[in-house]
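J.: Here it is, the structure in full.
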Amino acid sequence: MNRGGDIAALILAAGYSSRLGAWKPLQPLGPSTFLEEAVRRFRAAGVEDIRVVTGHRAGELAPVLKNLAVREIFNPDYNQGMFASVHAGVRSLEPRITAFFLLPVDMPLVKPGTIRDLLQTYRHGHARIVYPVFQGRRGHPPLISAVCVAGLPPDCDGGLRAFLGRYHAEALDLEVKDEAVLLDCNTPEDYRRLLAYGLREDIPGRR
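In the working numbering, the protein residues as written are 849 to 1055.
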């Protein structure tokens, strides 16, 4: 099976970053930032339709997004949490978009090769959701069929995980050799760990 249609990437960058104590989208990461690195890696994997969901301090991101040539999706309800940003991003998807990656901005070091593997697995299979899995744990970015979110409500008890749980029988776990699918950044300790990982793996990481 070869599934056609366009693929988009939604990068969630609307939150307050309160636990980290620094604003995640423009947090330095070597010579780059979280947001720039996430965009770069999707592009290196061949994903051209990249959309960034903004909210808190959106005005400061506008020139950065313009320079990156990505589309901004503003979430006016960003204070309601991540699910509201997912909803805003999903609402932006046109009928031509048949599936999308979903990545929080604080997980910027996923390898382009991992993204390509997810895309190839989706294109040539039957699963409606393909999750990257590292050492038995699901991570980001999942690749989600637009069919799964056609009826996505503005809010949902349990968040997106609970909503997508109804498709568990049509989901596929793809084991990857990429620890970054699990590496998020919510605390200063997480940030130090992410920097150390980036140095080990080579931050420009286009593999």
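The beta carbon of each residue, even a glycine, is placed where N, CA and C say it ideally should be.
Bear in mind that the values here come from a model prediction, so they are computed numbers and not experimental data.
Kindly indicate which three-state DSSP category residue 913 falls into: helix, strand or coil?
T.: helix
J.: So which of 974, 996, 1021 and 928 has the shortest CA-CA distance to residue 1002?
T.: 928
J.: Measure the C-alpha to C-alpha separation of residue 923 and residue 902 and round it to an integer number of angstroms.
T.: 6 Å
J.: When you compare each of 984, 857, 964 and 877 to residue 899 by their alpha carbons, which one comes out closest?
T.: 857
J.: Taking three-plus beta-carbon pairs below 8 Å as touching, is the stretch 945-964 in contact with the stretch 1017-1027?
T.: yes
J.: Within 7 Å of any Cβ in chain C, is that where the Cβ of residue 913 sits?
T.: In the displayed structure, chain C is absent; only one protein chain is listed.
J.: Going by alpha carbons, who is nearest to residue 885 out of 864, 954 and 871?
T.: Of the candidates 864, 954 and 871, the one whose C-alpha sits nearest the C-alpha of residue 885 is 954.
J.: With a threshold of 6 Å on Cβ separation, who are the neighbours of residue 979 within its own chain once the five nearest residues in sequence on each side are excluded?
T.: 986, 990 and 1021
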